[in-house]
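So the protein lines, in turn, are chains A and B. Okay, so the first sequence: first residue is 22 according to this note's numbering, each after it adds one. Okay, so the second sequence: first residue is 16 according to this note's numbering, each after it adds one. Glycine included, each C-beta is placed from N, C-alpha and C at the ideal position. Heads up: the structure comes next, in structure tokens.
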Amino acid sequence: MKKALTRLHFVTAFLFLFQIVQAQSPSSSGTGSFTALLIAIVVIIAFFIIWQVSDNLLRIEAKKSGMDSEDDSLSITPGIRDIFRKKGPGFAKGRHVALKQGHNILLEGKADGVVEHGKANTFAVEPPNFRGMSPIPKVEVEVGNRVKAGDHLFYDKKNPDVKYVSPVSGEVIAVNRGERRSIASIVVLADKQQQYRSLDVPNLESCSRADLVAFLLDSGGWTMLRQRPFNIIAEHNEVPDNIFVSTFDTAPLAPNLDLVVEGRGTAFQKGLDVLGKLTKGKVWLGLNANGGTAPSAVFTNATGVQKTWFSGQHPAGNVGVQIHHTAPIGPKSTVWTLDVQGVITIGALFTEGRFNAERVVALTGAELASPKYVRTFIGANIGQLLDGNIAGGNNRIISGDVLSGTKAAMDDFLNYYDDQLTVVAEGDHYEMFGWLLPDMATPSASKALPGSRFPDTVYKANTNMNGEKRAFVVTGQYEDVLPMDIYPQHLMKAILTNDYEKMEGLGIHELVEEDVALCEFACTSKQPLQEILRTGLDMMKES
Amino acid sequence: MSSFLDKVKSFEPPKEKKFLHTLYDGFFTFLYTPNHVTHGGVHVRDRMDLKRTMVMVVLALTLCYIFGTYNIGHQHFVALGQHTSFMAAMHLKLFHGLIKILPVFIVTHVVGLGIEFYYAARKGHGIEEGFLVTGALIPLIMPPDIPLWILAFAISFAVILGKEAFGGTGMNVVNIALLARAFVFFAYPGEISGDRCWVSGLEFVGTTAMGETYGWAHSLFDGIFKWLGVATFGDGGGAVVDGWSGATPLALAKGGWDNVTAHYSSLQMFWGGIPGSVGETCKPAIIIGALILVATGIASWRIMFSMVIGAAFMGLLFNAWGHDVQMDIPWYFHFYMGSFWFAMAFMATDPVTAASTNSGKWIYGFGIGALGIIIRVMNAAYPEGWMLAILFMNVWAPLIDHYVVQSNMKRRAKRVAVA
């Protein structure tokens with residue numbers, strides 16, 4: 022309103038001035054057509070003002086009556102942005118966000134569509150997987166103890182209400198210690214026949230939020246919830262503004278979550294219902310609008326959630342990117358995120374009455390004899406999962422994807438939140454004129470390599486740095502692969518110079534490591550962006 | 016190949032010998048990409064690195080080098096009134112050009128890389144690639160006859176005070192190549208201004224008509240040419256022809272566009288058969304280079320595009336003003352003269368000294384375009400404005416970025432306040 026009025030004042034003042042100038046000018050020829058033109062302009066401007074004012078009034082009225090102002094149907098005419106906005110595919114009904122920036126890294130070794138039984142029989146819960154936890158948690162079991170799936174294993178002494186539970190039933194065979202007597206992992210040898218701790222499941226419809234929280238804390242379901250900013254275990258004393266779930270993963274070789282959710286529809290929906298009771302805002306579901314076919318009906322038919330469709334290359338599937346385009350995080354806001362299998366585990370607490378830590382894990386990477394999906398439990402032993410499946414010799418095993426996973430060995434375990442295992446070749450070799458040759462064998466987000474002309478090329482990646490670390494030189498490169506209104510390079514420099522105000526202003530709260538992983542991949546100067554970001558997040562958390 | 020690798024590695028000096036080791040490391044990483052693997056963070060890295068980025072710019076400059084070298088010779092013979100047709104006596108023109116450009120190129124690299132190696136060894140890090148491009152640019156923006164000691168001085172000044180004092184590649188505030196040129200411009204104005212400096216080899220002429228007046232390099236080739244039975248350097252008369260001035264189009268532009276076209280046709284200016292800095296004259300060669308840089312994403316198209324808009328806008332403004340004959344030069348003819356295209360493609364787009372935000376790049380490019388034309392048209396002392404315009408905007412770029420970043424921060428703060 023105010024804007025339109027000032028605009029009106031400006032136009033009248035302008036016309037008035039023009040009159041004076043016009044009166045003083047000696048030439049009189051052609052004034053007729055000029056007046057006509059002037060009138061035409063005035064009419065157009067007047068129409069524009071009426072349009073704008075009525076449009077704004079409509080929006081204000083809609084907002085007052087509690088309608089969602091994000092929805093485009095509020096305006097009387099389509100806005101310019103709506104006309105040029107990329108339309109989503111036919112199946113994407115509702116709000117659609119088309120992300121232009123990003124880059125898909127296509128690698129060899131994609132898992133194919135059948136889920137096999139995973140051969141792992143030892144499982145571990147590793148305290149270092151939980152960010153923000155003190156290094157020596159209180160361990161409630163001893164080596165030799167028998168546990169059921171869902172029995173408490175340990176808790177953080179700073180935060181004793183959150184119980185970390187065993188994913189399987191069996192015998193505790195090791196409590197491994199890391200540096201300075203920290204607890205590295207608690208290993209359970211699984212029984213052939215799984216037994217579950219019996220739970221006193223509250224009635225979801227009638228129980229209070231406090232009861233629900235207490236149940237989740239005790240049953241282990243709480244550990245599925247992670248909190249942003251900082252990507253820590255959710256604080257149970259806080260009520261999150263919103264909860265976000267991304268139903269697709271665009272990371273290199275990431276598992277197809279449609280497959281993961283197959284047959285688990287009820288548990289997934291139940292999980293969403295639980296989440297709905299935990300937040301004061303909404304549960305947001307990010308749906309995949311890429312590709313020609315609609316995602317699983319479990320996702321598209323989910324109820325009680327706010328659905329948003331996203332199309333675009335990686336990191337479109339990252340929950341952080343989706344939050345940025347729906348309900349962005351501010352420095353004081355709190356949101357919780359969890360992955361699809363985490364939602365299923367929470368839902369299964371209610372539908373099955375037990376802590377079901379079953380996970381579909383994608384075994385991927387060019388160095389595997391047969392990349393595939395396997396059904397196992399949280400924290401499975403990597404060597405047992407990969408047994409006999411590795412083709413090459415000099416490899417790197419990664420729990421997670423190649424961008425933000427962690428390096429692991431054969432006797433390590435999958436991280437708590439990981440549903441993917443990647444094996445790629447180590448790149449510890451020299452390459453003659455490697456920096457000069459127009460290489461087609463290594464992935465790149467840059468247009469300077471011939472591969473960029475063939476976007477469907479699938480690469481066999483290795484872990485070579487492909488260059489040496491340098492100071493920040495190239496600009497605009499990170500912005501091209503990060504679909505967020507953030508200046509990553511300036512943020513990184515702010516972190517490196519300990520500029521708290523700028524870090525906060527430039528949106529460090531909106532990011533976790535996986536969001537800048539693609540920037541780090543593309544970085545010409547080979548800077549460790551994820552590490553820098555974590556330093557910054559730790560600084561912010563402590564301040 | 017691995018045996019060759021072992022042979023190369025056997026040269027590796029001990030790490031205690033800092034300078035030697037840095038030198039070895041520089042050459043080794045030139046020959047081989049090292050076997051470093053990722054640790055922490057991403058496990059797979061992009062093929063792109065700084066070496067490749069820099070070499071793409073050098074590749075984009077090759078056409079400018081080829082044409083520039085030939086044009087040095089061509090301008091020399093035009094001044095003498097011999098072989099005045101562009102394609103005549105190509106071997107003479109090419110070799111004269113090479114004799115002129117090679118010492119400049121070699122001195123640039125020996126001095127510049129020497130300083131770079133020294134500082135890399137002192138700071139104990141690898142040799143950074145920044146000078147690859149700087150070293151390729153400097154010979155192209157100098158007059159062909161630049162005395163080598165002045166060149167060496169200029170480069171030392173630019174690299175030490177312009178770059179190393181700020182912390183090396185990626186830290187400099189102003190463009191190193193332009194800083195070197197500015198040093199020559201202000202410290203030795205006689206070498207880089209006036210009409211005669213842009214045509215090479217005039218000090219040889221007018222003495223005797225024999226080949227030896229040219230110096231030993233020319234005489235050497237004359238022997239070969241004589242044996243081959245083609246035209247030689249010694250054939251000609253040796254005096255500058257009457258009425259030849261050597262003035263560049265920009266110097267002539269002080270007298271208006273008609274004054275320029277009296278000497279050079281616009282086609283000639285476009286193709287580049289005119290006197291000027293080595294690399295700036297041939298517009299097609301530069302534009303192909305610019306297209307390579309844009310297509311590969313090495314240089315920012317935003318800066319290039321907005322610089323064209325800025326220059327056109329200022330040109331139009333001056334046309335509307337029309338205070339003197341130079342202002343009356345139609346705005347589009349400004350693109351025929353001087354080094355606009357070279358400055359746009361290779362100088363303004365230096366990522367370190369340009370604005371680093373995408374919106375900032377629009378402002379930065381526009382500023383250079385507008386300022387360059389202002390200096391060109393309004394300042395009688397400087398016929399060309401791009402060097403000064405870019406150096407000026409280099410200094411302003413951090414401020415532009417500051418405001419762009421501040422507006423991002425404000426936008427975010429506002430969003431939080433609303434939520």
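Which residues DSSP lists as bridging residue i, in chain order
| i | result |
| --- | --- |
| Ile411 of chain A | A:Leu389 |
| Phe398 of chain A | A:Glu379 |
| Asp177 of chain A | A:Asn180 |
| Thr518 of chain A | DSSP lists no partner for Thr518 of chain A. |
| Ser260 of chain B | DSSP, once it has assigned bridges, lists no residue as partnering Ser260 of chain B. |
| Ile207 of chain A | A:Val146, A:Val196 |
| Arg249 of chain A | A:Val356 |
| Gly191 of chain A | A:Val168, A:Ala211 |
| His117 of chain A | A:Trp330 |
Heavy atom of the ligand ATP within 7 Å of residue i beta-carbon
| i | result |
| --- | --- |
| Ala335 of chain B | Among the components modelled here there is no ligand, and therefore nothing to report on the ligand ATP. |
Interface residues of chain A facing residue i [CB-CB closer than 8 Å]
| i | result |
| --- | --- |
| Asp21 of chain B | Per Cβ cutoff of 8 Å: no residues; Asp21 of chain B is ~10 Å from chain A at best. |
| Lys33 of chain B | Simply none; closest approach about 17 Å. |
| Asn187 of chain B | In chain order: nothing, as chain A lies at least about 10 Å away. |
| Val57 of chain B | Val423, Leu424, Ser425, Ala538, Glu541, Phe542, Gln551 |
| Ala428 of chain B | Gly526 |
is_contact[residue i, chain A] using C-beta, thresh 8 Å
| i | result |
| --- | --- |
| Gly112 of chain B | no |
| Glu143 of chain B | yes |
| Leu38 of chain B | no |
| Val431 of chain B | yes |
| Val85 of chain B | The sequence shown places Tyr at residue 85 of chain B, rather than the Val named in the question. No, Tyr85 of chain B lies away from the interface with chain A (no Cβ there is under 8 Å from its Cβ). |
| Ile123 of chain B | The residue you asked about is not Ile; residue 123 of chain B is Thr in the sequence shown. No - not a single Cβ of chain A is within 8 Å of the one on Thr123 of chain B. |
| Met408 of chain B | no |
| Ser422 of chain B | no |
| Asn373 of chain B | yes |
Contact with chain B by residue i, beta-carbon distance below 8 Å
| i | result |
| --- | --- |
| Thr484 of chain A | yes |
| Met505 of chain A | no |
| Gln551 of chain A | yes |
| Ala538 of chain A | yes |
| Glu541 of chain A | yes |
| Pro464 of chain A | yes |
| Ser546 of chain A | yes |
| Asn62 of chain A | Here the sequence assigns Ile to residue 62 of chain A, which means Asn is not the residue at that position. No - not a single Cβ of chain B is within 8 Å of the one on Ile62 of chain A. |
| Pro349 of chain A | yes |
| Ile529 of chain A | no |
| Leu470 of chain A | yes |
| Tyr508 of chain A | yes |
| Asn150 of chain A | no |
| Ser267 of chain A | no |
| Asn309 of chain A | no |
| Gly439 of chain A | As written in the sequence, residue 439 of chain A is Asp, which differs from the Gly given in the question. It does not; no Cβ of chain B falls within 8 Å. |
Under 8 Å from the C-beta of residue i: neighbouring residues of chain B
| i | result |
| --- | --- |
| Gly286 of chain A | Neighbours of Gly286 of chain A on chain B: none; closest Cβ ~33 Å, over 8 Å. |
| His345 of chain A | Ordered by position in chain B, no residue passes the 8 Å Cβ test against His345 of chain A, which lies about 10 Å from the chain. |
| Leu457 of chain A | Lys66, Arg67, Val70 |
| Ile419 of chain A | His58 |
| Asp460 of chain A | Arg62 |
Contacts that residue i makes with chain B (C-beta to C-beta distance below 9 Å)
| i | result |
| --- | --- |
| Met453 of chain A | Met16, Phe19, Leu20, Leu46, Tyr47, Thr48 |
| Val445 of chain A | His58, Val59 |
Residue i: contacting residues in chain A (beta-carbon distance under 7 Å)
| i | result |
| --- | --- |
| Gly366 of chain B | Gly is not the amino acid found at residue 366 of chain B; the sequence shown has Pro there. The answer, in chain order, is Val494, Val495, Thr496. |
| Ser315 of chain B | Gly497 |
Where residue i meets chain A, residues with beta-carbon distance less than 9 Å
| i | result |
| --- | --- |
| Thr184 of chain B | Arg491, Ala492, Val494 |
Under 7 Å by beta carbon: chain B residues contacting residue i
| i | result |
| --- | --- |
| Glu500 of chain A | Asn373 |
| His511 of chain A | Val420 |
Assess, as a yes-or-no matter, whether the region 260-274 of chain A is touched by the region 336-352 of chain A under the definition of 3 or more beta carbon pairs within less than 8 Å. The region 336-352 of chain A is in contact with the region 260-274 of chain A.
Give me the subset of the region 127-142 of chain B whose CB atoms are less than 8 Å from a CB atom of chain A, sorted by chain position. Answer in chain order: Gly141.
Name, going along the chain, the residues of the region 58-75 of chain B whose beta-carbon falls closer than 7 Å to a beta-carbon of chain A. Taking 7 Å as the cut-off between beta carbons, the residues of the region 58-75 of chain B near chain A are His58, Val59, Arg60, Asp61, Arg62, Met63, Asp64, Leu65, Lys66, Arg67, Thr68, Val70, Met71, in sequence order.
Cβ contact (3+ pairs, closer than 8 Å) linking the region 261-275 of chain B and the region 46-65 of chain B: Here the region 261-275 of chain B does not lie against the region 46-65 of chain B, with fewer than 3 beta-carbon pairs under 8 Å apart.
Near-chain B residues of the region 347-375 of chain A (beta-carbon distance less than 8 Å), N- to C-terminal order: The residues in question are Ala348, Pro349, Gly351, Pro352, Lys353, Ser354.
Got a sec: which bits of the region 292-314 of chain B sit with their beta carbon under 7 Å from any beta carbon on chain A, in order along the chain? Within the region 292-314 of chain B, those residues whose Cβ lies closer than 7 Å to any Cβ of chain A are, in chain order, Ala310, Thr311, Gly312, Ile313.
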